[in-house]
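**Student:** Dropping a structure here in structure tokens format, bear with me for questions.
In full-length UniProt numbering, the protein residues as written are 1 to 153.
In structure tokens:
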């Protein structure tokens, strides 16, 4: 289980559908601005979504461009299906913080415990040291957990 990835920012990309769309846009490599333009969002969001894919081991970055990994290519080739969603969820749950937050949410009848979730991120991700950033990253992970719970219903 992964605690923290060196040189990969903890994700700030709340929308799993946008992450999935970003996989499709990366059939051909793109830089952050091109990725953002493909989806019509702000340039900084292109970096957020590209880095979210890196965090999930679905993309890598070389010389300023994002490229799909083997896992990313596999997900890109699959239709919206249980198989595709299972791979995405597995990639998420490879991360200690997401696994801990999901487990706690399930024990809490599917209700997020924002204070606990912030604590988990603060204790496990040393690269995040501002309360505001912890809060934003927690919102991202809670959004991902909500997507997981919706998909597995």
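Note that CB positions come from ideal geometry on N, CA and C, so glycine has one too.
(1) Are residue 13 and residue 49 closer than 7 Å when you measure CB to CB?
(2) For the putative contact between residue 89 and residue 75, defined by C-beta atoms under 8 Å, what is the C-beta separation to the nearest angstrom?
(3) Note the first and the last residue of the continuous beta strand (DSSP E) segment covering residue 65.
(4) What first and last residue would you give for the beta strand (DSSP E) that runs through residue 36?
(5) Tell me where the alpha helix (DSSP H) around residue 18 begins and ends.
(6) Sort out for me which residues DSSP pairs residue 59 with in a bridge.
**Tutor:** If we stick to the structure as given:
(1) yes
(2) That pair is no contact at about 11 Å.
(3) 65-68
(4) Counting along the chain, residue 36 falls outside any beta strand (DSSP E), though it belongs to the alpha helix (DSSP H) covering 32-39.
(5) It spans 16-25 - the alpha helix (DSSP H) in which residue 18 sits, taken as one unbroken run.
(6) 68
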